[in-house]
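One structure is given here, and the rest of the page talks about it.
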Amino acid sequence: MKEVPAKVEHNKAWVVIKLGIAEDRIVLPDPVNQEILYKTVVDLAERKNTLIITFKTQAEGVVKVKSVDKVLEILKKLILNSCNAYRLAAYFKSPAIRGGVLIQGAPWEKGSIVVVRTGIWFVSPAKQVCVPLMDAAAIELTKTEVQGKPTDIICIDHVDAGEVVSSQVLCPISTLQVLFNFLKDATKGMDMKGNELDAVGQQVAMLVYSGMDSHAIENMLNIPHKELDAIYDRILNLQLGEVVAVRREIQLTTKGVRYISDATKSQVK
Amino acid sequence: MGKILIVDDTLFMRTLLKNILFSGGHTIIGEAGDGTEAVEKYKELKPDLVTMDVVMPKMNGIEALKSIKALDPAARVVMCTAVGQEQMVKLAIKTGAKGYIVKPFQAPKVLEEVKNVLAT
Chain A
40 MKEVPAKVEH NKAWVVIKLG IAEDRIVLPD PVNQEILYKT VVDLAERKNT LIITFKTQAE
100 GVVKVKSVDK VLEILKKLIL NSCNAYRLAA YFKSPAIRGG VLIQGAPWEK GSIVVVRTGI
160 WFVSPAKQVC VPLMDAAAIE LTKTEVQGKP TDIICIDHVD AGEVVSSQVL CPISTLQVLF
220 NFLKDATKGM DMKGNELDAV GQQVAMLVYS GMDSHAIENM LNIPHKELDA IYDRILNLQL
280 GEVVAVRREI QLTTKGVRYI SDATKSQVK
Chain B
-6 MGKILIVDDT LFMRTLLKNI LFSGGHTIIG EAGDGTEAVE KYKELKPDLV TMDVVMPKMN
54 GIEALKSIKA LDPAARVVMC TAVGQEQMVK LAIKTGAKGY IVKPFQAPKV LEEVKNVLAT
């Protein structure tokens, strides 16, 4: 067993420990005192340089580990190879498209797809990429050209740092169909009918995505402030957007009017 | 900064692009709602750059691109595609498009692509 320095969240504080990494488990010494067998891991997520490991023995537990990239990479590989998840061998491209731009020369990597409770992992000797299911924007069976031939693939679009990123999975069609059904089932809670917003609401959402602020949207769609507010409320209620800033409109009081009048007079003098 | 012809069959998309391009300091010298109109406007206005929707009535964007390239092999045409239309993008690039932008539009990406294509 190798020991590496890491930080682990314990009683809502980060503590520095010597994390033990074995072939079949990790060992978290004092003060955490915990051993986690990889085969008991039911979910693995990554946020920046933190791994969130959910395991289930008699009860379910969560461990958060921070360490250097190299250590996290080893941990991810070991856990994803043995954890309790849907797993299949496949070729993948991740990312294949970022922000609508084809990644030039992105290779098909041989590896595996591991679907855990909250995400899809693309794992190869060189790469471990996680697509959180809650960030998956679309999952579809489609065709792309591979070695000059149209070939069935699964295309997974997800949102990363405000951009739509597409990853592609290639494997035998029977397996592809099973994976597709599994992914559709795992993400069905996020599917929408498409008619939750009316035409103007959809245009507002598109303009927000394009980077327009409220003032520009009101001008472009020629809608009053109150109507835009009501559309924003619908977008927020549907969890399609979040408030990032609240701007205020003010008018001057009598004191304020006197102040700017005086200021103007003094400028004239 | 360039003189730009916007081609799209939806008024909303044309207005959106117009706003984005105007905010980047470009001049919109014309708009067209289908491929046939785009070719006519290109002859008439000689823009520095055309933003061309792919799916349009009468004449689609690829056909319009071919006609414009036949008129002016140096024409700068940027295709507007939807996410997932990568085959269409490849076909457009083969046909002579200088670049592409993806719907829904993100202003910085549109301006960056237009700037890159105008520099060619």
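Residue numbers (our numbering), protein chains in the order written: chain A, 40 to 308; chain B, -6 to 113.
Each residue gets a CB set at the ideal place from its N, CA and C atoms; glycine is no exception.
Cα-Cα separation between residue i and residue j, rounded to whole angstroms
{"i": "G144 (chain A)", "j": "R287 (chain A)", "result": "48 Å"}
{"i": "V70 (chain B)", "j": "I113 (chain A)", "result": "47 Å"}
{"i": "Y125 (chain A)", "j": "L119 (chain A)", "result": "10 Å"}
{"i": "K96 (chain B)", "j": "L84 (chain B)", "result": "17 Å"}
{"i": "M245 (chain A)", "j": "S305 (chain A)", "result": "47 Å"}
{"i": "I178 (chain A)", "j": "G295 (chain A)", "result": "56 Å"}
{"i": "V43 (chain B)", "j": "K11 (chain B)", "result": "12 Å"}
{"i": "E202 (chain A)", "j": "R137 (chain A)", "result": "7 Å"}
{"i": "Q186 (chain A)", "j": "G59 (chain A)", "result": "44 Å"}
{"i": "Q78 (chain B)", "j": "V204 (chain A)", "result": "14 Å"}
{"i": "Y130 (chain A)", "j": "G26 (chain B)", "result": "42 Å"}
Residue i classed as buried or exposed, judged by whether at least 16 other C-beta atoms fall within 10 angstroms
{"i": "R86 (chain A)", "result": "exposed"}
{"i": "F94 (chain A)", "result": "buried"}
{"i": "M49 (chain B)", "result": "buried"}
{"i": "E62 (chain A)", "result": "exposed"}
{"i": "V283 (chain A)", "result": "exposed"}
{"i": "R7 (chain B)", "result": "buried"}
{"i": "Q97 (chain A)", "result": "exposed"}
{"i": "E281 (chain A)", "result": "exposed"}
{"i": "I74 (chain B)", "result": "Here the sequence assigns Thr to residue 74 (chain B), which means Ile is not the residue at that position. Buried."}
{"i": "Q242 (chain A)", "result": "buried"}
{"i": "K51 (chain A)", "result": "exposed"}
{"i": "M231 (chain A)", "result": "exposed"}
8 Å CB neighbourhood of residue i in its chain, flanking five on each side removed
{"i": "I22 (chain B)", "result": "K(-4), I(-3), L(-2), L38 and P40"}
{"i": "R64 (chain A)", "result": "E74, I75, L76 and Y77"}
{"i": "V32 (chain B)", "result": "M52, A57, S60, I61 and L64"}
{"i": "A225 (chain A)", "result": "V154 and L172"}
{"i": "T113 (chain B)", "result": "R69 and K91"}
{"i": "T190 (chain A)", "result": "K182, T183, E184 and L209"}
{"i": "N123 (chain A)", "result": "K78, T79, V80, V81 and K95"}
6 Å CB neighbourhood of residue i in its chain, flanking five on each side removed
{"i": "M(-6) (chain B)", "result": "G18 and H19"}
{"i": "W53 (chain A)", "result": "K46"}
Neighbourhood of residue i by C-beta distance below 7 Å, restricted to the same chain and skipping five residues each side
{"i": "T181 (chain A)", "result": "I192 and C194"}
{"i": "V170 (chain A)", "result": "G158, I159, I195, H197 and S206"}
{"i": "A84 (chain A)", "result": "I91, T157, G158, C169 and P171"}
{"i": "I289 (chain A)", "result": "none"}
Worksheet entry | beta strand (DSSP E) runs wholly inside the segment 160 to 185 of chain A, at least 3 long, in chain order | Listed in chain order, the complete beta strand (DSSP E) runs (minimum 3 residues) inside the segment 160 to 185 of chain A are 166 to 171 and 175 to 185.
Worksheet entry | Touch test, the segment 264 to 278 of chain A against the segment 298 to 308 of chain A, Cβ-Cβ under 8 Å, three pairs minimum | Contact fails: fewer than three Cβ-Cβ distances are below 8 Å.
Worksheet item: Quick check: the segment 208 to 224 of chain A against the segment 235 to 246 of chain A, are there 3 or more CB pairs under 8 Å?
Response: The segment 208 to 224 of chain A makes no contact with the segment 235 to 246 of chain A: fewer than 3 CB pairs, one atom from each, lie closer than 8 Å.
Item to complete: Answer yes if the segment 162 to 180 of chain A comes into contact with the segment 99 to 106 of chain A, meaning at least three C-beta pairs across the two stretches below 8 Å, and no otherwise.
Response: Contact fails: fewer than three Cβ-Cβ distances are below 8 Å.
Discussion item. So within the segment 184 to 256 of chain A, which uninterrupted beta strand (DSSP E) runs reach at least 3 residues, ignoring any that extend past its ends?
Written reply: Listed in chain order, they are 188 to 199 and 202 to 209.
Worksheet entry | Completely contained alpha helix (DSSP H) runs for the segment 57 to 101 of chain B, where each covers 4 or more residues | For the segment 57 to 101 of chain B, whole alpha helix (DSSP H) runs of length 4 or above, ordered along the chain, are 79 to 88.
Worksheet item: Where are the alpha helix (DSSP H) runs, 4 residues long or more, that stay fully inside the segment 7 to 58 of chain B, in chain order?
Response: 28 to 38, all fully within the segment 7 to 58 of chain B.
Worksheet entry | beta strand (DSSP E) runs contained entirely in the segment 80 to 147 of chain A, provided each spans 3 or more residues | Listed in chain order, they are 80 to 86, 89 to 95, 99 to 105 and 125 to 137.
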